[in-house]
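Student: The sequence shown maps to residues 536 to 745 in the working numbering.
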Amino acid sequence: MAKVILLNGSPHEKGCTWAALNEMAQIFEKEGIETELIHVGNKAVRGCISCGYCKQNGKCVFNDDLVNETAPKFEAAAGLVAGSPVYYGSPNGTLLSFMDRLFYSSHFSKHMKVGAAVVSCRRGGNTASFDVLNKYFTISGMPVASSTYWNQVHGFTAEDVRKDLEGLQTMRNLARNMAFMIRAFSDAGEKYGLPEVERKYITSFADGKE
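#1: Answer yes or no: the CB of methionine 713 versus the heavy atoms of the ligand COA, is any distance below 7 Å?
#2: Using 8 Å as the threshold, is the C-beta distance between glycine 650 and valine 621 below it?
#3: Could you tell me which of Gly676, Asn603, Arg707 sits nearest to valine 688, measuring between CA atoms?
#4: From Pro626, Phe597, Gly567, pick the residue whose C-alpha is nearest to that of tyrosine 639; which is it?
#5: Using CA coordinates, which residue listed in Ile674, Ala611, Gly624 is at the minimum distance from methionine 634?
#6: Measure the alpha-carbon distance for lysine 608 versus glycine 676 and round it to whole angstroms.
#7: From Thr692, Ala611, Leu637, Tyr736, pick the residue whose C-alpha is nearest to that of alanine 617; which is it?
#8: So the beta strand (DSSP E) proline 620 belongs to, where does it begin and stop?
#9: Is DSSP giving asparagine 543 helix, strand or coil here?
#10: Looking at leucine 615: is its Cβ nearer than 8 Å to the Cβ of lysine 648?
#11: In the stretch 653-720, which residue ranges form an unbroken beta strand (DSSP E) of at least 3 residues, counting only runs that do not cross its ends?
#12: Reducing DSSP to helix, strand and coil, say where lysine 608 ends up.
#13: Which residue wins for smallest C-alpha separation from asparagine 543, given the options Ala537, Thr552, Met536?
#14: DSSP three-state label for glycine 650, please.
Shown next, in the form of structure tokens:
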């Protein structure tokens with residue numbers, strides 16, 4: 536059975552972000568896709584220090600029992616949803632530190648895993664936060680799932696979010712689209728193989744002439 540990892544980047548275990556992710560989880564269950572919700576936003580997660588330890592040892596130097604435990608789950612999963620509240624027009628800094636270390640320290644291929652960003656806000660800053668989270672996927676060869684509006688919900692509390700009928704509808708459509716993409720990529724991969732990935736060239740102008 537295919538599996539999707541849902542990251543709750545909110546400090547609140549069952550707040551606005553959880554309400555959005557939970558709406559998706561219910562659809563995934565109906566679509567026959569397993570989910571695991573990992574609560575990130577209430578943890579003390581420090582940022583990446585670019586020490587290179589992960590290249591030699593296959594895991595992050597900071598053994599905080601979150602990044603290193605999530606990495607193999609991410610490797611086995613067919614998709615990843617990163618959910619966050621909006622803080623000062625950006626995702627929660629704890630989630631960003633987690634994502635930096637998760638993507639940088641895990642050296643397995645993420646190619647053609649399906650990614651989606653989900654944000655919750657009272658009013659503004661949603662699309663800016665949405666863009667930040669999507670960049671983790673687009674740099675990693677992960678197709679980004681879309682919905683019938685930007686993947687966002689509005690409110691101060693989970694109860695508020697339940698009143699955002701369009702936002703919840705967007706979450707349900709997002710989950711359905713992700714489920715379809717996961718199945719389609721799996722079928723196409725078996726029939727045609729995954730797309731070739733070139734890694735020969737890296738832009739660098741060390742001599743200042745090219």
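Just so it is clear, CB atoms sit at the ideal spot from N, CA and C, and this is done for glycine as well. None of the values given here were measured: they were computed from a predicted structure.
Tutor: According to the structure data:
#1: In terms of ligand content, the structure shown is empty, and the ligand COA therefore cannot be addressed.
#2: no
#3: Arg707
#4: Phe597
#5: Ile674
#6: 18 Å
#7: Leu637
#8: 614-622
#9: strand
#10: yes
#11: 687-689
#12: helix
#13: Thr552
#14: strand
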